[in-house]
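Everything on this sheet refers to the single structure shown next.
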Amino acid sequence: MSRDSRSIISHVLGTAQHARARTSKANIVYVDCLLATDSQRKLAAKRTDDTAMMNLGFARCAFVRGCTFGLCVVGILATSACATGKALLPGGETFQAATSGPTVADSSLREIVAAGQLSDLRWPDFSDYRAYVQTFYESSGYNLAWTRGGQTTPQALAIIEILKQADGKGLNAEDYDASRWADRTKQLSQPAAAARFDTALTVCVMRYISDLHIGRVNPTHVKFALTGRSAKYDLPQFLTQRLVNGQNVEAELAAVQPQFAGYKATQAWLQRYIELARQDNGEQLPVPTKALDPGKPYAGIPRLTSLLHLLGDLPADAVVPAGDVYQAPLVDAVKRYQSRHGLTADGRLGAQTVKELNTPLSTRVEQLRLTLERWRWLPQEFPQPPVVVNIPEFRLRAYDANHKVVLSMNVVVGKALRHETPVFDDEMKYVVFRPYWNVPPSIQRSEIVPAIQRDRDYISKKNYEVTTQAGQVVTSGTISDEVLQQLRAGKLAVRQKPGPTNALGLVKLIFPNQYNVYLHSTPSQQLFSQARRDFSHGCIRVEKPAELSAWALQDKPEWTVERVRAAMQKGPDNVQVNLSKPVPVLILYGTAVAEEDGSVHFFDDLYGYDADLEKALARGYPYPL
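Written out as structure tokens, the structure is:
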């Protein structure tokens, strides 16, 4: 060997020595190939893992066909370049653009991404995520992200374990291929299989992040006009910066879900009910021929006892007398159960109570999952503490700046199948004391005009008046044929004058919206004591209007509860008070609620929206945008 050759080799070996500190063993085998014989080079090539070499961007022909001096120098230079990459991976390697020609895995990745399809997935079509996946791999020159040297990276293993536990988050683990990862990880020595594994994990974790953050279904596709959803993540950036090289993958993925206390409590109850559903044998209680009062015999006492023990409504240390008589402490346990399921807590075993008791616990699990999905449709933060109405619960809650409930009350909502209260969000702008009720055109046509036809004095008897569309009073007395004709044609309007008999009561809280729905008081206070409270034409009647108005006006200290009550009772009429800042109003729909007292309550699917959401989720990916 000439002096010049030895000088070059010495320089190259120096480069190799520098590279050893930064690269894997596979690199060193390649560098040492410089001074090896043909047989030694072939043996080294056999020992070198194909996938490892592919990941590092080497041309495999340099090993298989014999290592020439020039090729080795190129290989060392490529190794050195890899060592200076920006995105460091475990073991000092980098996730960056490859420095050599395409490999089998490289080509396979490109083909899969271009197609937006991967038959290995439970939901093969990932066209809705294709652009994100493409950006992710383009940033690295289509290097594999989740394997090194034919082995799954620690980050990938952590992600797979999290995907397997998706059921406990209110998602479906099989949507993220939970049962398929074990077989996939056994085939990583094959470049094409490694590419399929890598793409599958990228797609599944992108889906998981998005699903946990903003939900799987766009709420507008299930009749929910919610506009304040959280912003989507930059998924390629999230994976590259937080997961591929992440030090704590579990924490990064846990942080994407809503951080509300109510969401976390609902999730905890979901996990509890998943376990309860596993423990319960599903035995059905006999349905009494008529409502069973305490003190009467009942054949279902053993099952009732075991079920209420399981659910926690009957304390673990409670002693139930032997025999078949329905008595304390079972009666008290049934009352607790009734109060948690939207029933009148009278302790009687009626048909509706037994129906709820016979509802499979798997159904309760599904209710909790659907509620978690809807939680994800909400914004992560609010500009001001919101007021929230949950339709199936017939309940309103107002919050403070720390997300604590400071005011809650019963509400009356729109009648099911006829006048459903819409699900939407908006901003409360002002309060009106002693308001007029401007009868909506639909009610005027369907109810007021027919009533006038039957009794021309109906207007005066109900404290209404007829006005022009501009609000000028036409009459508040007996209705003439001419006026009736104009009312039928919609040329005149009807409004109810302020006062205690006004349908809106003595105050209304306005958040202007396309549905003409708002919060208001009512003279029909007796309705708030009923368990089921869907009686309105769509507006929401509130049980504590004075307290709610004072809460809405809390930025105006002069508007105390006492002053609010005086404005409601004494007038003057139709006084508008603007809020200092708009207050977010959310009209929501959830049939499972983690209450502030630590209990969980379930409610009927009043409008059938749970069934609608179940159908939408069952369709699978890709979900409509």
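The number in the working numbering is simply the position in the sequence shown, starting from 1, with 52 added.
Don't be surprised by glycine CBs; every beta carbon is placed ideally from N, CA and C.
Here the structure is a predicted model, which is why all the values come from computation and not from measurement.
With respect to F276, R426 sits close: the two C-beta atoms are nearer than 9 angstroms. Within the same chain, A646 come within 6 angstroms of A317 by CB-CB distance, once the 5 residues on both sides are set aside. Assigned with DSSP and collapsed to three states, W198 falls in coil, not helix or strand. For R330 and S231, the gap between their C-alpha atoms comes out near 20 angstroms. If the five residues before and after F563 are omitted, its C-beta is found closer than 6 angstroms to the C-beta atoms of D478, E479, M480 and V637, all from its own chain and listed in chain order. Contact annotation: the stretch 503-512 does not touch the stretch 583-599, with fewer than three C-beta pairs closer than 8 angstroms. Nearest C-alpha to T405 among T415, E418, R416 and S391: S391. Taking 9 angstroms as the cut-off, the beta carbon of G660 is found no closer than this to the beta carbon of L424. By the Cβ test, the stretch 448-460 is not in contact with the stretch 344-355, since fewer than three Cβ pairs between them sit closer than 8 angstroms. As summarised for the stretch 514-588, the continuous beta strand (DSSP E) elements at least 3 residues long and confined to that stretch are 516-520, 525-527, 544-548, 559-562 and 586-588, given in chain order. DSSP, read as helix, strand or coil, puts E408 in helix. Rounded to the nearest whole angstrom, the CA to CA distance from I211 to L287 is 15 angstroms.
By the Cβ criterion, the stretch 235-255 is not in contact with the stretch 271-285, since fewer than three pairs of Cβ atoms, one from each stretch, lie closer than 8 angstroms. In the structure shown, L322 adopts helical secondary structure according to DSSP, grouped into three states.
Fewer than three pairs of CB atoms, one per stretch, sit closer than 8 angstroms, so the stretch 531-548 makes no contact with the stretch 567-585. Put simply, the backbone Cα of A303 is about 54 angstroms away from that of Y488. Residue environment analysis places P552 among the exposed positions, since fewer than 16 neighbouring C-beta atoms fall within 10 angstroms of its C-beta. Segment contact: the stretch 253-261 against the stretch 168-185, three or more CB-CB distances shorter than 8 angstroms; contact assigned.
If you keep only unbroken beta strand (DSSP E) runs of at least 3 residues inside the stretch 176-258, you get nothing at all. Beta-bridge partners assigned by DSSP to I639: V441 and F476. Following the DSSP letters along the chain, one finds H653 inside the beta strand (DSSP E) bounded by residues V652 to F654.
Here the C-alpha atom of S601 lies approximately 22 angstroms from the C-alpha atom of V475. In the displayed model, Q299 falls within coil according to three-state DSSP, outside both helix and strand. Here R615 is not bridged, per DSSP, to any residue.
Counting the other CB atoms within 10 Å of its CB gives R447 a total of 16 or more, which places it among the buried residues. Annotated three-state conformation of F290 is helix, per DSSP. Residue pairing by DSSP places I592 opposite L571 in a beta bridge. Spatial neighbours of R259 in its own chain (CB-CB distance under 6 angstroms, excluding positions within 5 residues in sequence) are not present.
Residue burial annotation: P444 is buried, with at least 16 other C-beta atoms found within 10 angstroms of its C-beta. DSSP lists no bridge partner for M620. Under the DSSP assignment, A644 falls in the beta strand (DSSP E) whose first and last residues are A644 to A646. Under the DSSP definition of a beta bridge, Y350 lacks any partner.
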